[in-house]
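Numbering (my numbering), first residue to last: 729 to 1158.
Heads up: the structure comes next, in structure tokens.
Encoded structure:
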């Protein structure tokens, strides 16, 4: 293992005196981090109509901005994940809070497409990547037996943010105009992320604790399982991990799963208006999507601790396929809202299972680096979907082909999930 034993010994007494396991504080900090950052991210679609109305930009142009944002957000995760492993998540998130807050705030100053590409596509994406890579990998390092539950609880903040922030953003745009709304939203993002950064600690061993809050006196079946897991824990280095078949199967699986994951973020509002639904129904769809993301994370994370990650992944991908097939037939409010619910549930499950299964396969020691590398390879796929959907709409004046492609991508992800398995055991690294 890679942890500094001298730090563990110095902190032993401090850790033993704590009644509340600090891992749950980490979980709470990550919850608020993700709620604010992803809530702001999902507000980008709410901004679409205002930008189109004022500047007469087409949907492909705005989709391109978000595609650049996504590519950078994902690619930077490999660098920032390594930085979080080396320097700790606090430093990385402080840096991220400055970038994300200022990037969103500076949208208020744009007057040309390239301005938006710079402040949102580059600066905000850097901050968003820091927000993500200091979240789930940190939780992975603090939990083993309750990893799925802790990830579900912390990542449910994303769903709460999607429920709460876009309606607030819509209100701010209506009340103050879109430029002033961006300043208010960017300032709020900075303040919340900056505060949460000071609660993050990289590993439980740094303050004399063990994963899941276990002590030397922990008893019971689950406690013994975790104690044995810690004792026999194997830390895969980045070089060792990328040589395994499992690493590339996980990467390919989530590449497919994420191809059209951000379609709702960029195009759901415009799709609702295209089929004659009101803005009120569209806003309701965002809220239901957020509720689905929240419950999907909570339920799937907890249940995966019991039934296994593979079984949970297969179920999530199957539900995602159903959602894409459903929206091909959507022409009414209730089917639109049902799509939002099923898409949210399935995507919430997929999102929480990615860091969970990666941590299970490759251990805690290099979780930030390995999760970051997989995310940097598979994540840019999410930039393809919104751009393709925008292009197909501009050419065909509908989204049907995008929906079909979304279903096919998740069918492939489901097949990969069925054949995936943990990497072969390597000799323990000390």
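Ideal Cβ positions, reconstructed from N, Cα and C, are used throughout, including at glycine.
CB contact flag (residue i, residue j, <9 Å)
| i | j | result |
| --- | --- | --- |
| residue 975 | residue 1085 | no |
| residue 994 | residue 817 | no |
| residue 762 | residue 885 | yes |
| residue 1004 | residue 894 | no |
| residue 828 | residue 758 | no |
| residue 1068 | residue 1120 | no |
| residue 939 | residue 870 | yes |
| residue 1091 | residue 963 | yes |
| residue 1010 | residue 1019 | no |
| residue 1134 | residue 1022 | no |
| residue 1002 | residue 843 | no |
| residue 852 | residue 831 | yes |
| residue 890 | residue 770 | yes |
| residue 925 | residue 822 | yes |
| residue 1117 | residue 1130 | yes |
| residue 867 | residue 1083 | yes |
| residue 921 | residue 764 | yes |
| residue 992 | residue 802 | no |
| residue 906 | residue 779 | yes |
| residue 1141 | residue 910 | no |
| residue 972 | residue 1102 | no |
For residue i, the three-state DSSP class (helix, strand or coil)
| i | result |
| --- | --- |
| residue 685 | Residue 685 lies beyond the stretch modelled for the chain, which goes from 729 to 1158, so this question has no answer here. |
| residue 801 | helix |
| residue 1148 | coil |
| residue 784 | coil |
| residue 967 | helix |
| residue 838 | coil |
| residue 879 | helix |
| residue 1034 | helix |
| residue 1095 | helix |
| residue 1108 | coil |
| residue 863 | coil |
| residue 762 | helix |
| residue 874 | coil |
| residue 1025 | helix |
| residue 1057 | coil |
| residue 1052 | helix |
| residue 1006 | coil |
| residue 853 | helix |
| residue 848 | helix |
| residue 1157 | For residue 1157, the predicted structure reports a pLDDT of 42, less than 50, and the residue's modelled location is therefore unreliable. A value from the coordinates is still provided. In this structure, residue 1157 counts as coil in the three-state DSSP scheme. |
| residue 771 | coil |
| residue 972 | coil |
| residue 986 | coil |
| residue 750 | helix |
| residue 1119 | helix |
| residue 1126 | coil |
| residue 816 | coil |
| residue 1140 | helix |
Check: residue i C-beta below 8 Å from any heavy atom of the ligand NAD
| i | result |
| --- | --- |
| residue 1049 | Because no ligand of any kind appears in the structure shown, any question about the ligand NAD cannot be addressed here. |
CB-CB length for residue i against residue j, believed under 8 Å
| i | j | result |
| --- | --- | --- |
| residue 1042 | residue 1136 | With a Cβ gap of about 17 Å, residue 1042 and residue 1136 do not count as contacting. |
| residue 997 | residue 815 | Between residue 815 and residue 997 the Cβ distance is about 39 Å, and since that is not below 8 Å, they are no contact. |
| residue 825 | residue 855 | 7 Å |
| residue 941 | residue 1087 | Contact flag wrong, Cβ pair sits at about 17 Å. |
| residue 977 | residue 1028 | Rounded, the Cβ-Cβ distance is 20 Å, inconsistent with contact. |
| residue 919 | residue 857 | Residue 919 to residue 857, Cβ: 19 Å. No contact. |
| residue 1051 | residue 1032 | Actually they do not touch by this definition, with Cβ atoms about 20 Å apart. |
| residue 912 | residue 900 | 6 Å |
| residue 915 | residue 1094 | Going by Cβ atoms, the distance from residue 915 to residue 1094 rounds to 35 Å, so no, they are not a contact pair. |
| residue 990 | residue 794 | 7 Å |
| residue 1045 | residue 1138 | 5 Å |
| residue 862 | residue 820 | 5 Å |
| residue 1013 | residue 1064 | 6 Å |
| residue 1096 | residue 932 | Their Cβ separation, rounded to whole angstroms, is 15 Å, which puts residue 1096 and residue 932 out of contact at 8 Å. |
Legend entry - Start-end ranges of the alpha helix (DSSP H) lying completely within the stretch 904-949, minimum 4 residues: 906-925
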